[in-house]
Amino acid sequence: MFGDQSDDESESNEGQLQRIWDCYPNQAQGNVASPENVSLTGSEMSFLSESIWSSDDNGENGDMDSGMFYYISFSLWDDPLELGAHRLRADSETSELEIVEWEYPRSNWNVWRAWKERQNGLKANMSSDWFGYKAMGSLHFVRRLTAMKTMEAHDGCVNCLDFHPAGRLLISGSDDCRLVLWDWALGKPLVNVPSGHTHNIFQAKFTSVLDDGGIVTSAYDGQVRYLKVSPDGSVNISKQLVLHEEAAHSVSTVSHNPNVILSCGSDGYVFEIDLREDEPKRLFCTSDVNGISFPLYSIAAHPRKPEEFAIAGLSNYVLFFDRRKVSQSPCAERRYRQESELESDNIVTSIVYSHDGLELLASYSGLSAHLFDTSHSDYASPIKSYFGYRNFQTVKGINFYGPSSEFIMSGSDCGHIFFWDKNSEKLVNVLLGEERGVVNTLVAHPHCSVVATSGLEPVVKLWAPVGGKANLNPTYVQRVLRSNARYRYRRNIMFTARGQIPSATGVTAERVVRFHPPAVMREAETESPEWRQNGDFPPECHMS
-6 MFGDQSDDES
4 ESNEGQLQRI
14 WDCYPNQAQG
24 NVASPENVSL
34 TGSEMSFLSE
44 SIWSSDDNGE
54 NGDMDSGMFY
64 YISFSLWDDP
74 LELGAHRLRA
84 DSETSELEIV
94 EWEYPRSNWN
104 VWRAWKERQN
114 GLKANMSSDW
124 FGYKAMGSLH
134 FVRRLTAMKT
144 MEAHDGCVNC
154 LDFHPAGRLL
164 ISGSDDCRLV
174 LWDWALGKPL
184 VNVPSGHTHN
194 IFQAKFTSVL
204 DDGGIVTSAY
214 DGQVRYLKVS
224 PDGSVNISKQ
234 LVLHEEAAHS
244 VSTVSHNPNV
254 ILSCGSDGYV
264 FEIDLREDEP
274 KRLFCTSDVN
284 GISFPLYSIA
294 AHPRKPEEFA
304 IAGLSNYVLF
314 FDRRKVSQSP
324 CAERRYRQES
334 ELESDNIVTS
344 IVYSHDGLEL
354 LASYSGLSAH
364 LFDTSHSDYA
374 SPIKSYFGYR
384 NFQTVKGINF
394 YGPSSEFIMS
404 GSDCGHIFFW
414 DKNSEKLVNV
424 LLGEERGVVN
434 TLVAHPHCSV
444 VATSGLEPVV
454 KLWAPVGGKA
464 NLNPTYVQRV
474 LRSNARYRYR
484 RNIMFTARGQ
494 IPSATGVTAE
504 RVVRFHPPAV
514 MREAETESPE
524 WRQNGDFPPE
534 CHMS
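Everything in the sequence shown is counted per the working numbering, starting at -6 for the first residue and increasing by one.
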């Protein structure tokens, strides 16, 4: 790897990097005001990314300031674009120490005492529903989550999951363009449904609390589709609702109105779809909000206020809108962002409301997830933050766990599932979700302590608190956290291109595109943590 290169190689690279800067004197380090357009070849750009990245975690291989901005303007698609490469500083030593050397929060419920009191009639006024409610939100159950079933039916990565509100069915969507309805309790597929999509399915949701078989999907082909599946597995309705110019990343159903659906996509458009009407309603494009179109990756409707929704994408802001006002003015009602300026280049990959809508959780690329109070004013900072996972390679989902959103759960590029206590921000469990893959999607069952997860493997996994004791191994967790902390720092190089950029359909518009340089992407495809290389997976660190 680049961090392992010799001193001679490091000096040579520094010299080559300096020669690149010397060739472009007007593009000096930190100079962003120069209007001149100079050309940078692909090989030079690749070398530049490697050189910026090549210094080790302590910044000892070179004199470059790890917090400095490097800008170069270059030609792409015959139009001038401004390219910025920003290398962020690593997390502070204090923050990493807090992540690695954690301690459990105090349990909010003693399950053994509650069980004995219930058995002996001391809590006769406690209903079985209330007992289950307390159990689902207890630290005792979260710490004992264990792999229960692995369900196979897809031929590609499983990108989305959703439990039916009644709890009996689970739906999954995959790169194989198929939907599968599962009887999750039996661990068997009930129906394989042809979705009508031609490319990867990104999201699938049940549209109603009733067992009417309504399903809405979005996919890489830009389509948002509606299907109605009968109990015998036949598809009664299959129609296209919206066609985005680019990938349709996310859909959300509106509370108290199963006929209304919101969608967003890489083209920056947000649509409102009423299943009772023939044509969808275009609410706005991100270019209407700030003048520049940027991709949207997630949309979420407020669970208690059907008029309110939030969007997020290739920006470090979460934007809130009111459907009643957006047609008159596409201005966001509120904007939330993470607090640190060092994380200003991180984008939001997923957002989700808490059960009551009083909080919103946002997963940021790279560093952390943040919790916002939705009652706060514009430009509010997060009230809580959660660290330890890794979010670079794919659009990662995040979710709440517990009937009152007591816990936070997220997948990670390292293949693990992370659980944090929402109030204390402490890490309470880490599960190995995929041996060699990435965990992208997590959903909690609405009525019992079951979690469904999926990722790059063509399987769906179910987790339940069936373990006899807490299965968190401190040595194992410390290795994972240290590896992720190092990897996050090495990967914190992001190129930003601004200019007239054509979309996949050939439409040219003013856009902002952020991407990792090729050298970093190659590393992402091949690198594995040092403790996992060559099959060296310490036996004492294995978890059930």
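Just so you know, even glycine gets a beta-carbon here, dropped at the ideal spot from N, CA and C.
| Query | Result |
| --- | --- |
| For the segment 144 to 155 against the segment 411 to 428, are there 3 or more C-beta pairs whose distance is under 8 Å? | no |
| Please classify glycine 125: does DSSP put it in a helix, a strand, or coil? | helix |
| Would you mind working out which of Pro396, Phe412, His409, Asp414 sits nearest alanine 128, comparing C-alpha positions? | Pro396 |
| For threonine 139, does the three-state DSSP call read helix, strand or coil? | strand |
| Once you ignore the five residues that flank leucine 174 on each side, which residues in its own chain have a CB closer than 6 Å to its CB? | Leu162, Ile164, Leu183, Val184 |
| DSSP three-state label for aspartate 406, please. | coil |
| For arginine 330, which of Arg472, Gly306, Asp349 has the nearest alpha-carbon? | Gly306 |
| How would you write the range of the beta strand (DSSP E) that arginine 218 sits in, first residue to last? | 216 to 222 |
| Check whether the Cβ atoms of methionine 402 and leucine 351 sit closer than 8 Å, and answer yes or no. | no |
| What did DSSP end up calling serine 397 once you bin it into helix, strand or coil? | coil |
| Which residue comes first and which comes last in the beta strand (DSSP E) that contains valine 282? | Where valine 282 is concerned, there is no enclosing beta strand (DSSP E), although the alpha helix (DSSP H) it sits in stretches over 279 to 283. |
| Closest to aspartate 406 by C-alpha separation, out of Ser223, Ser286, Ser358, would be which residue? | Ser358 |
| Figure out for me which residue from Ile230, Thr279, Asp122 has the closest Cα to the Cα of serine 442. | Asp122 |
| Considering lysine 198, what are the terminal residues of the beta strand (DSSP E) in which it resides? | 194 to 199 |
| Is alanine 517 helix, strand or coil by DSSP? | Note that alanine 517 scores a pLDDT of 35, beneath 50, so its modelled location is shaky; the value from the coordinates is reported in the next line. In this structure, alanine 517 counts as helix in the three-state DSSP scheme. |
| Roughly how many angstroms separate the alpha carbons of glutamine 321 and leucine 179, rounded to a whole number? | 50 Å |
| How many Å lie between lysine 318 and glutamate 301 at the Cα? | 10 Å |
| The alpha helix (DSSP H) that contains alanine 107, what's its start and end? | 104 to 112 |
| If I measure Cβ to Cβ from glycine 408 and keep anything under 8 Å in the same chain, skipping five residues before and after, which residues do I get? | Leu425, Gly426, Glu427, Glu428, Arg429, Gly430, Val431, Val432, Gly448 |
| In the structure shown, what three-state DSSP assignment does proline 158 receive? | coil |
| Assuming the contact rule is C-beta atoms closer than 8 Å, histidine 348 and serine 308 should be a hit. Round their C-beta distance to whole Å, please. | Their Cβ separation, rounded to whole angstroms, is 26 Å, which puts histidine 348 and serine 308 out of contact at 8 Å. |
| Give the range of the beta strand (DSSP E) segment to which lysine 181 is assigned. | 181 to 187 |
| My parser needs the alpha helix (DSSP H) runs of 4 or more residues fully inside the segment 224 to 310; what are they? | 279 to 283 |
| What residue range does the beta strand (DSSP E) around aspartate 176 cover? | 171 to 176 |
| Write down every uninterrupted run of the beta strand (DSSP E) in the segment 411 to 481 whose length is 3 residues or greater and which is fully enclosed by it, in chain order. | 420 to 425, 432 to 437, 444 to 448, 452 to 457 |
| What is the DSSP secondary structure of histidine 190, counted as helix, strand or coil? | coil |
| Is proline 538 buried or exposed, if buried means 16 or more other CB atoms sit within 10 Å of its CB? | The structure shown does not extend to residue 538, since the chain is modelled only from -6 to 537, so the question has no answer here. |
| Would you mind sorting tryptophan 108 into buried or exposed? The rule is 16 or more other CB atoms within 10 Å of its CB. | exposed |
| Are proline 458 and leucine 138 touching if we call contact CB-CB under 8 Å? | yes |
| Could you check which residue in Arg111, Val452, Leu234 has the C-alpha nearest to that of alanine 146? | Val452 |
| Determine the direct distance from the alpha carbon of tyrosine 310 to that of serine 374, and round the result to whole angstroms. | 10 Å |
| So is the beta-carbon of leucine 138 under 7 Å away from any non-hydrogen atom of the ligand COA? | The ligand COA is not among the ligands present in this structure, which contains no ligands whatsoever. |
| Using a Cβ-Cβ distance cut-off of 8 Å, determine whether cysteine 407 contacts chain B. | Protein chain content of the structure displayed is limited to a single chain, and chain B is not contained in it. |
| Is DSSP giving leucine 115 helix, strand or coil here? | coil |
| Measure how close the beta-carbons of cysteine 257 and serine 243 come, nearest whole angstrom, since I'm counting them as under 8 Å. | 5 Å |
| When we look at the beta-carbon of glycine 206 and count the other beta-carbons within 10 Å, is it buried (16 or more) or exposed? | buried |
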